[in-house]
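Engineer: So in full-length UniProt numbering, spot 396 of the sequence shown is number 396, and the numbers just go up one at a time.
No residue lacks a Cβ here, since even glycine has one placed at the ideal position from N, Cα and C.
One structure, as structure tokens, below. Some questions next.
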Amino acid sequence: MITSEEIKSRLWDGANELRGSMDASRYKDFMLGLMFYKFLSDKTLSAFKILTTKDDITEADLVAKYHKSMADRGAQLETMLQNTLGYYVLPKYLYQTWIEDINKGKFEVQNVIDSLNYFERSIVNSKDVDDFKDLFSPSTLDLTDTALGSNLHERSKNIKALILLFADLNMVALQKGDVLGDAYEYLIGQFAMESGKKAGEFYTPRQVSEVMAQIAAKTSNIRSIYDPTVGSGSLLLTVKKHLAKEVQQSLTYYGQEKNTATYNLARMNLLLHEVKPNKMTIKNGDTLAHDWPEDPAHPNEGVQFDAVVMNPPYSVKNWNRAGLKVSDPRFEIAGVLPPDSKGDFAFLLHGLFHLGQSGTMTIVLPHGILFRGAAEGEIRKRLLEKNYIDAVIGLPSNLFTNTGIPVVILVLKKNRQLTDPVLIIDASNTFIKVGKQNVLQEKDIAKIVDTYVSRQEQAGYSHLANRQEIIANEYNLNIPRYIEAIDDDIAHDVEGHLLGGIPQQNIDQLAVIRATTPDLLQAALEPIRPQYLTLKEDISELSTKILNDARVTQQSAQLAKQTQAYIERYWSQIIAINNPDQIHPLMEAMLNDIKSLLASFNYIDIYDGYQIIAEIWQNSLLHDTEIIAATDFYTAARNRIPNMVSKGSGAKKRLEQDGFVSSLIPSELIATELYADHLANIDHKKQQIQTLESELADLVEAAKVEDSIEYDALYESLKKNDDDEPLDTFDNKKLKQELKTTPNDSECYSLLKKVDKLISQKSALSKQVKTEELALKEAVQERILILTDEEIDTLMYKKWFGNTIALLCELIEKPIKAELKTLQMLNERYQDTLTSIDKEIEQLEAELQAMMQDLVVTQ
């Protein structure tokens with residue numbers, strides 16, 4: 001079985017190899033378009049099989065049968081397929097036919113063009129025509145584009161290679177569990193990162209989508225969702241992912257996109273994610289120029305949605321080319337048009353106009369919308385007076401590939417009470433750097449969403465701003481006006497520097513140690529005058545005492561016990577997965593449960609623990625549970641698959657099989673756990689080789705030192721470069737020659753013989769290591785087939801949860817260690833007083849004077 005991670009890797013590697021110098025934002029249209037056509041062909045064959053036969057036949061036989069059936073009863077079969085799918089692909093236009101032509105050496109690019117054109121014509125009379133129309137139009141998928149090759153031969157070669165990239169993928173089977181949709185979404189994201197500034201046209205970074213979607217998905221009784229700047233559809237699909245299955249099945253999707261190629265991408269993306277054609281309405285149009293969707297019966301109300309999500313283009317200039325007036329129903333609430341130089345509030349007001357009375361809207365915009373004045377200030381004031389702004393979430397800068405500016409997510413609701421405060425969250429400092437981009441981790445996303453749901457205040461992070469505060473700030477929502485950043489720097493104390501001693505107020509701030517082991521802290525400190533203390537024992541000794549104290553170790557033991565029970569509870573569920581649809585709900589349950597478990601322990605950052613479990617899923621469980629769902633846990637672990645490795649480079653780059661591996665268990669883990677003696681023996685020999693190499697390296701260096709016995713004996717045996725300069729190794733052939741010509745009773749002969757012996761020993765050991773490693777590799781490969789259930793349990797537990805308990809227990813010590821580090825810093829800061837520094841200066845001056853008197857000047 002091929003997993004979604006393997007599909008993603010293979011397709012993206014293939015895309016990079018095949019696109020050459022073509023711009024990523026352009027190549028994506030060709031790759032994703034042909035991938036979607038493979039999906040349509042596979043769906044046609046699948047529907048034909050269901051309608052006509054229950055036999056389990058090969059794809060080649062199914063294609064042949066489809067050809068014959070279409071020849072025998074064409075019109076009837078076409079109608080049946082049309083009624084079943086809303087479309088169909090004729091046998092001669094199937095993707096499989098292209099592959100057959102390639103294999104027979106009779107492929108022509110025109111066959112592909114004809115196939116795409118016929119599909120466009122075949123859906124004209126379909127009730128779902130709007131969902132498929134112009135998907136493969138030349139404006140989107142121009143297979144005569146010279147970027148694909150400067151001549152027909154080159155284009156044909158490149159298009160064939162792209163077609164073959166999807167040849168063995170069963171798109172219908174992969175659609176189960178959203179494997180296909182996830183791979184498609186992944187490719188869109190990868191193309192976005194490669195596209196740089198152009199990415200903003202079609203993609204919202206996953207972590208930003210997650211925050212917006214999870215908040216929007218909290219809307220109760222959600223039945224419809226709308227994205228007026230839909231891009232590739234990723235925001236709509238991310239909301240879908242966070243809804244219950246029964247809600248997903250009845251949800252209707254609306255979206256509008258100005259860019260035609262991106263509009264086509266959105267339709268394909270939704271269809272691949274199993275959104276039914278009758279549940280999606282995607283339009284190609286300018287959201288601001290003309291309101292859509294409209295309700296003719298209520299022209300001043302617009303169609304209302306339970307959720308609205310948007311990532312519009314930022315600060316669009318000249319957005320009002322249609323000459324819209326403030327009387328447009330979308331802008332009436334503001335009483336003024338957004339400035340023509342910045343379209344941010346125009347998009348916001350459009351989305352708000354279509355938001356249902358009990359719905360939720362999330363929109364990501366530049367930070368400037370929080371404080372810019374003039375017309376934008378008036379609009380913001382109107383929105384706040386009506387109390388439509390539910391939350392303001394400040395995000396880090398440099399999250400997007402197409403801009404480095406900081407952005408903000410606004411959450412809007414129409415059913416808020418006038419007295420309800422606005423929740424302001426400053427998440428601008430919670431990120432990690434990945435390459436050139438800033439990235440929110442899973443724990444950062446979870447903290448934002450949890451804070452939004454609980455509406456809790458946290459110093460330096462979140463604040464509930466009431467109406468009086470907002471009015472006092474003249475409706476300016478700039479986040480620093482409401483949330484003061486926490487300064488981790490501890491202010492210097494003048495008296496402490498002058499007279500020494502750690503200020504008592506700094507000791508009082510060591511909240512965790514004072515709550516956990518107050519007696520140990522007090523015993524380690526000694527008052528030197530009122531409100532000042534000195535540390536009378538070494539910080540390392542105090543650290544050992546506190547971290548080994550029963551009160552700390554008992555907390556760790558308790559956490560370890562609860563974590564063990566947590567793992568065992570979910571272990572049984574993980575290994576019993578038999579349906580891909582179970583995977584994401586299980587992951588969500590496991591992530592939510594770890595937060596509840598850690599919340600019962602004081603001073604632990606529960607989101608650090610959340611990240612530990614999230615990374616287990618990202619690094620192992622998402623991949624492994626897909627495999628388990630397709631078969632079963634123990635069968636999958638004992639299943640051997642070819643180990644394919646990349647060999648060569650450039651035009652000679654290829655995949656070759658290098659033995660076998662388990663579907664689930666890394667060979668290295670099997671070797672470590674079940675063949676420890678073998679590994680220890682090999683490691684011992686490798687250490688011996690390193691010792692021999694070190695001795696030889698020393699002799700090489702000695703041989704380069706002129707006028708030494710080593711130089712006389714060994715210099716001629718060194719390898720030389722083209723300029724006859726010595727290299728860092730011996731030439732074995734020259735060494736043998738030197739041995740033949742050197743008297744065997746000389747010191748030089750002894751040195752030559754020593755080098756020869758060291759090289760021989762190294763060579764023999766290297767051969768033994770190679771033989772033993774090959775034997776171990778073969779033993780591991782054979783062991784996979786006969787692993788016992790108990791061995792599989794042990795190995796997979798190590799893989800998934802081997803260090804989980806230790807990592808979570810470290811969270812107990814983490815805040816204590818941080819405070820101990822602070823205490824050490826304070827002790828060092830106030831150790832040297834001004835008086836002691838003055839005395840040291842006086843002593844140094846005296847020593848200098850004494851030295852000067854001892855100096856004797858001679859002429």
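1. Checking 8 Å against the spacing of the C-beta atoms, do Leu535 and Ala523 come in under that value?
2. Can you give me the Cβ contacts of Thr219 inside the same chain, cut-off strictly under 8 Å, excluding the 5 residues immediately before and after it?
3. Where does His290 sit, in a helix, a strand or coil, going by DSSP?
4. Using 8 Å as the Cβ pair cut-off and three pairs as the minimum, do the region 638-654 and the region 822-833 touch?
5. Using 8 Å for Cβ pairs, my map puts Met193 next to Val309. What's the rounded Cβ distance?
6. Is Val408 closer than 8 Å to His367 when the C-beta atoms are compared?
7. Short of 7 Å in beta carbon distance, which residues of its chain neighbour Thr238, apart from the five on each side in sequence? Order them along the chain.
8. Report the residue from Leu826, Lys754, Ser46 and Leu547 whose alpha carbon sits nearest the alpha carbon of Gln505.
9. So, Leu735 versus Ile612, is the Cβ gap smaller than 8 Å?
10. So which of Pro293, Asp789 and Arg783 has the shortest CA-CA distance to Tyr634?
11. Going by alpha carbons, who is nearest to Ile188 out of Lys133, Gly255, Ala459 and Ala261?
12. Does the distance from the CB of Val179 to the CB of Leu143 come in under 8 Å?
13. I think Ile784 touches Val552, with their Cβ atoms under 8 Å apart; what is that distance to the nearest whole Å?
14. Report yes if the C-beta distance between Thr281 and Leu235 is below 8 Å; otherwise report no.
15. Please list the terminal residues of the continuous alpha helix (DSSP H) segment that includes Gln690.
16. Would you report the Cα separation of Ser9 and Glu695, rounded to the nearest angstrom?
17. How is the beta strand (DSSP E) around Tyr254 delimited, first residue to last?
18. Does the beta-carbon distance from Leu510 to Glu810 come in below 8 Å?
19. Helix or strand or just coil, what does DSSP make of Pro312?
20. Mapping DSSP to helix, strand and coil, what is Gln843?
21. Hey, is the region 592-604 in contact with the region 553-573, meaning 3+ C-beta pairs nearer than 8 Å?
22. Looking only at C-alpha atoms, which of Ser150, Glu154, Lys157 and Tyr118 sits nearest to Pro138?
23. For the alpha helix (DSSP H) holding Gln110, just list the boundary residues, first then last.
24. What residues in its chain sit with their C-beta under 6 Å from that of Lys342, if we drop five residues either side in the sequence?
25. Grouping DSSP H, G and I as helix and E and B as strand, with all else coil, what is His367?
26. What's the C-alpha gap between Leu174 and Val275?
27. Excluding the 5 residues flanking Asp101 on each side, which residues of the same chain have their C-beta closer than 8 Å to its C-beta?
28. Is it the case that the Cβ atoms of Leu288 and His242 are separated by a distance below 8 Å?
29. Would you say Ala703 and Ser662 are within 8 Å of each other, going by their C-beta atoms?
30. Whose CA, out of Thr79, Tyr37, Thr691 and Met22, lies closest to the CA of Phe48?
31. How many angstroms separate the CA atom of Glu257 from the CA atom of Lys777?
32. Just verifying my parser: in three-state terms, what is the DSSP assignment at Ala458?
33. Around the Cβ of Lys561, are there at least 16 other Cβ atoms within 10 angstroms (buried) or fewer (exposed)?
34. With a threshold of 16 other CB atoms inside 10 Å of the CB of Leu477, please say whether the residue is buried or exposed.
35. Taking residue 916 as the reference, give the member of Asp608, Leu795, Lys647 and Gln554 with the closest Cα.
36. When you compare the region 259-273 with the region 150-168, are there three or more beta-carbon pairs, one atom per stretch, that lie closer than 8 Å?
Structural biologist: Reading from the atomic positions:
1. In this structure, Ala523 does not lie closer than 8 Å to Leu535 by Cβ.
2. Only Asp306, Ala307, Ser358, Gly359 and Thr360 meet the Cβ criterion.
3. The answer is coil: DSSP assigns His290 none of H, G, I, E or B.
4. Touching, no.
5. No, Met193 and Val309 are not in contact; Cβ-Cβ is about 21 Å, not under 8 Å.
6. Yes. Within cutoff.
7. Within the same chain, Thr238 has close Cβ partners Ser209, Glu210 and Ala213.
8. Residue Leu826 is the option with its Cα nearest to Gln505.
9. Contact flag unset, no.
10. Shortest Cα-Cα distance from Tyr634 to any of Pro293, Asp789 and Arg783 involves Asp789.
11. Of Lys133, Gly255, Ala459 and Ala261, the residue nearest in Cα terms is Ala261.
12. No, these two residues do not count as a Cβ contact at 8 Å.
13. Contact flag wrong, Cβ pair sits at about 43 Å.
14. Pairing Thr281 with Leu235 gives a Cβ-Cβ distance that is not under 8 Å.
15. Annotation for Gln690: the continuous alpha helix (DSSP H) segment containing it runs Ala676 to Ala703.
16. Rounded to the nearest angstrom, the two C-alpha atoms are 44 Å apart.
17. Segment Thr252 to Glu257, the beta strand (DSSP E) holding Tyr254.
18. Between Leu510 and Glu810, the C-beta gap is not smaller than 8 Å, which leaves the two residues out of contact.
19. In this structure, Pro312 counts as coil in the three-state DSSP scheme.
20. The answer is helix: DSSP assigns Gln843 an H, G or I state.
21. The region 592-604 is in contact with the region 553-573.
22. Nearest of Ser150, Glu154, Lys157 and Tyr118 to Pro138, Cα basis: Tyr118.
23. Start and end: Val109 to Ser122.
24. Cβ within range, chain order: Ser315.
25. Helix at His367.
26. Going from the Cα of Leu174 to the Cα of Val275 covers about 15 Å.
27. The answer, listed in chain order, is Phe107, Glu108 and Asn111.
28. 8 Å or more divides the Cβ of Leu288 from the Cβ of His242.
29. Taking 8 Å as the cut-off, the Cβ atoms of Ala703 and Ser662 do not count as close.
30. Checked all of Thr79, Tyr37, Thr691 and Met22; the closest Cα to Phe48 is Thr79.
31. Roughly 54 Å separates the two Cα atoms.
32. It is Gln, not Ala, that sits at residue 458 in the sequence shown. Here Gln458 carries a strand assignment [DSSP, helix/strand/coil].
33. Lys561 sits exposed, since fewer than 16 C-beta atoms from the chains shown fall within 10 Å of its C-beta.
34. When all chains shown are included, Leu477 counts as buried.
35. This structure cannot speak to residue 916, because the chain is shown only from 1 to 859.
36. Two segments are said to touch when three or more pairs of C-beta atoms, one from each, lie closer than 8 Å; by this definition the region 259-273 does not touch the region 150-168.
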